[in-house]
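The structure under discussion appears below in the form of structure tokens.
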Amino acid sequence: MKRIPWDRNSILLRLTLFMTVLLFGQSVLLIGALAAGGLLSRTREDAFASLTQKVITPRNYLQSEMTSRWSSLYPYADQFAEMLPPLAAAAQGDAEREERFLTGAMPLLVGMLRATTASGAFIILDNAGAPDHSSLYLRDYDPTLNDDDNLDLYLVAGPSAVSTDWRIPLDKIWKSRMPRAQTDQPFYNKPMTQAQQGVDPALLGYWSPPFRLTPPDIPIITFTTPLPDADGVIRGVMGVEISLYYLQRALPAVGYRAPSDPSFLLGFRPSRDEAVRPILASNAALNHFVQSGAPLPDDSSDTPSLLTDAVTGEPYYASAQSLELYAPNTPFAEEEWSLIGLVPRDNLLEFTLALQRILLWSFLASLALGMACGFAGSYHVTRPIVDLARRVRANRPGSAASLGKTGLREIDELAGAIKEANRRLLDSTVKMSAIIEMVDVPIGAFEYREDDPRVFATDGLWRILSLNEQEAEELYRDKDLFVRRLGILMSRPEPEEEYVYKIQDAPVKWVRINMASAGGATLGVVMDVSAEIHEKKKIRFDRDFDSLTRLYNREAFRRRVIAALENGLSGVCALAMLDLDYLKPLNDNFGHAWGDIYIRTTAALLNEFCPGHCIAGRRSGDEFMLFLHGFTSRADVREAMDSFYLKLNRHSLSLPDGTRRAIAISAGIAWIESADVAYDELLQCADFTLYKAKKTAKGGYCISDEDDGERARPMEADA
């Protein structure tokens, strides 16, 4: 299959786009209908509702465990109250009676531990003023396995006699009495403080956030309630502990096997004004949430919230359901426990995303099908047109077009019209070239286009550009090569002329090149203007230079000096006015021809004065001017003048009478202090200094700011 170039105006592209847009519109209508019907949003809402329900079920289970089983302590509180010794006996420090109470409470505490299926149970007496508490604290590291002989229990705190009598081992953190450092925590302080303020103990059951009794101990949460005696006096607290390991087993571990099932975090916040912080994860994959303590969503929203895992960067949807552990308006109702279910976003919305992918791929497939069908149909229509265009472009410039038949009537008619237009254009080009040659105008033209590698040119262009015919043919075949050569020719623009370039030195040749670009084509006209430039240069020379001396005339010198001053002073600058001595006697004795020789010889010496640092001009018959610039110091100027006068002394003229006459010239020099000084003012100053030199140092020079008279020895005139 031949390659057909793409262009936004081509039939191929337009037909392909038409088919693509048609199928695109159909796809958009289909997807729009599905979207308007709420299919995608419904699948999303169903996924959110499913997640919420999957969190509510374990929330209800955990809430039931915490409120109905683990915290069922009140039947035992009355029995403990009856067993407590009177407060008076405790106040008298009857430790023996307290120990008997704790020993006697052991069966009841074991029964409470077994009934609640907690991982620990305890009684802690207040013992106000004492450094520690009388206490009885039992722990079962695995409440799911019960031993009839209670061999699975450990004594965390309590009299050692209990361990002996019940054959219960002591825990690694065992103390006979619980230090106040261990009870100085919310699990003990909060219910005790509220109870001592007269709040009904029945309202003071308190679930503590995770803590450790001692740093080496396991993390636990506790449910504690004040323990009153038979007289209603608060004597301490009683409660159960739930180890975090045991609590974690109460949470669903990794969902229910389906990818969209949630994993769980248990969250806690001390008040509604604070953020929910994770305290326990259902599996190790979420432990970093607990370790980072990042805030979690609460149950204020009916729909799951989107959060990003700070460690992995994975997005999760989280549904939070609060646990109702406290009755409204009770002392601890502000503290909130929440169960948060988390599912990776892609897992939760798996069906929605799959549906979106199906719709997207269907949409892309329809576009691809539209483009393929459009291209195939368009190709068969446009291929003959493209082949015709290739034959037209391949036709050799200056020859009649041979296009052939395409087999399509409309296109063949177009080809015939192109052939006729080409014939007429060729005739016009030949006639135009003939007319140019007939009028003998040295002019040529060329044209090149961005989309064509060739250059079209008139017959005489190669002569004007000083090319040979073979070289011209190579340039006309390669547009890039022609443009590079044209750039070389245009690299030497002629000063003071517009679009004029010097393309040859021997003989000197100038051409004017005018170019214009439009519509991707560049048209150029080249004219040989050598005669015109020669004439202009002659006119400029006659205007600016003295015909006798070839130095700048008065006006040209003035323009050059003013232009130099406008560009700023370059080093030390000065203006010198010079007057040729003894010209009149020479004219009188030997004629004006010898006077002209005297003037020309002097002008030649002035023209050689400090090349690059001097502009020389003739003011009038025997008066000259020098603009000295670029010297590093005034001393250098004086040294240059001294050297010039020494050269004058060594140069002499052989006169017709056989004598020799040295060239004598007087000069006045005016320093140029500022570029802003007026030219006429400089001229007047130099003229005045020249007058001074003529009077005091004829044949030498004087300087405007010096009073020592002559700077060079005046020359004596020869007889």
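Using UniProt numbering, you'd call the opening residue of the sequence shown number 1 and step up by one each time.
Quick reminder that beta carbons are idealized off the backbone N, C-alpha and C, glycines included.
Residue i CB to nearest heavy atom of the ligand HEM below 7 Å
i	result
Ser-163	As presented, the structure is devoid of all ligands, the ligand HEM included, so that no description of it is given.
DSSP state of residue i mapped onto helix, strand, coil
i	result
Arg-618	strand
Gly-129	coil
Thr-222	strand
Gly-699	coil
Ser-27	helix
Phe-609	coil
Val-677	coil
Val-337	The amino acid at residue 337 is misidentified as Val; the sequence shows Trp. Strand.
Gln-185	coil
Asp-579	strand
Thr-602	helix
Ala-717	A caution first: Ala-717 carries a pLDDT of 36, below 50, which makes its placement in the model unreliable, though a value can still be read off. Coil, per DSSP.
Ile-168	coil
Pro-384	helix
Gly-104	helix
Tyr-206	strand
First through last residue of the beta strand (DSSP E) which encompasses residue i
i	result
Tyr-154	153 to 157
Met-515	508 to 518
Leu-307	305 to 308
Phe-268	263 to 269
Leu-626	623 to 631
Phe-446	443 to 449
C-beta contact flag for residue i and residue j at 8 Å
i	j	result
Glu-324	Gln-63	yes
residue 775	Pro-179	Past the edges of the chain, shown from 1 to 719, lies residue 775, and the structure says nothing about it.
Leu-109	Ala-118	no
Ile-279	Leu-296	no
Leu-136	Ala-115	no
Leu-682	Leu-551	no
Asp-171	Tyr-188	no
Phe-48	Pro-304	yes
Leu-465	Glu-474	no
Asp-622	Leu-548	no
Val-572	Arg-650	no
Ile-221	Thr-183	no
Pro-259	Asn-347	yes
Ala-310	Ala-294	yes
Trp-510	Glu-496	no
Ile-665	Asp-546	no
Residue i versus residue j - alpha carbon distance
i	j	result
Ile-599	Asn-587	11 Å
Ala-33	Gly-25	12 Å
Phe-375	Leu-13	8 Å
Tyr-701	Gly-668	6 Å
Ala-354	Leu-17	29 Å
Leu-145	Leu-339	27 Å
Gly-111	Glu-96	24 Å
Pro-262	Arg-167	44 Å
Leu-342	Gln-53	13 Å
Leu-583	Asn-589	10 Å
Leu-565	Arg-661	38 Å
Ile-173	Val-162	16 Å
Met-83	Ala-130	22 Å
Phe-211	Leu-87	31 Å
Pro-331	Pro-226	13 Å
Start-to-end residues for the alpha helix (DSSP H) that takes in residue i
i	result
Met-641	634 to 650
Ser-666	Segment 665 to 672 is the beta strand (DSSP E) holding Ser-666; no alpha helix (DSSP H) there.
Val-233	Counting along the chain, Val-233 falls outside any alpha helix (DSSP H), and DSSP gives it neither H nor E.
Glu-555	554 to 566
Gln-504	Taken as a continuous stretch (DSSP letters only), Gln-504 belongs to no alpha helix (DSSP H), being part of the beta strand (DSSP E) at 500 to 505.
Ser-322	First-last for Ser-322: 315 to 323, but that is the beta strand (DSSP E), not the alpha helix (DSSP H).
Val-55	39 to 64
Ala-81	74 to 83
Own chain residues within Cβ distance below 6 Å of residue i, not counting five before or after
i	result
Val-525	Ala-445 and Asn-514
Met-345	A quick correction: the sequence has Arg, not Met, at residue 345. Once the five neighbours on either side are set aside, the close Cβ partners of Arg-345 are Pro-315 and Tyr-317.
Leu-648	Ile-663
Phe-351	Thr-43
Gly-617	Leu-551, Tyr-552, Phe-557 and Met-625
Ser-322	Asp-299, Glu-336 and Ser-338
Ser-530	Lys-509 and Trp-510
Thr-224	Phe-187, Pro-191, Tyr-206, Val-237 and Gly-239
Residues near residue i in its chain [Cβ-Cβ closer than 7 Å; skip 5 each side]
i	result
Asn-127	His-133 and Ser-134
Glu-672	The question names Glu, but residue 672 in the sequence shown is Ile. Excluding residues within five positions, the ones whose Cβ falls inside 7 Å are Leu-569, Cys-573, Ala-574, Leu-575 and Leu-682.
Neighbourhood of residue i by C-beta, 8 Å cutoff - its chain only, sequence neighbours within 5 removed
i	result
Val-55	Pro-262, Phe-264, Ser-319, Ala-320, Gln-321, Leu-339, Ile-340 and Gly-341
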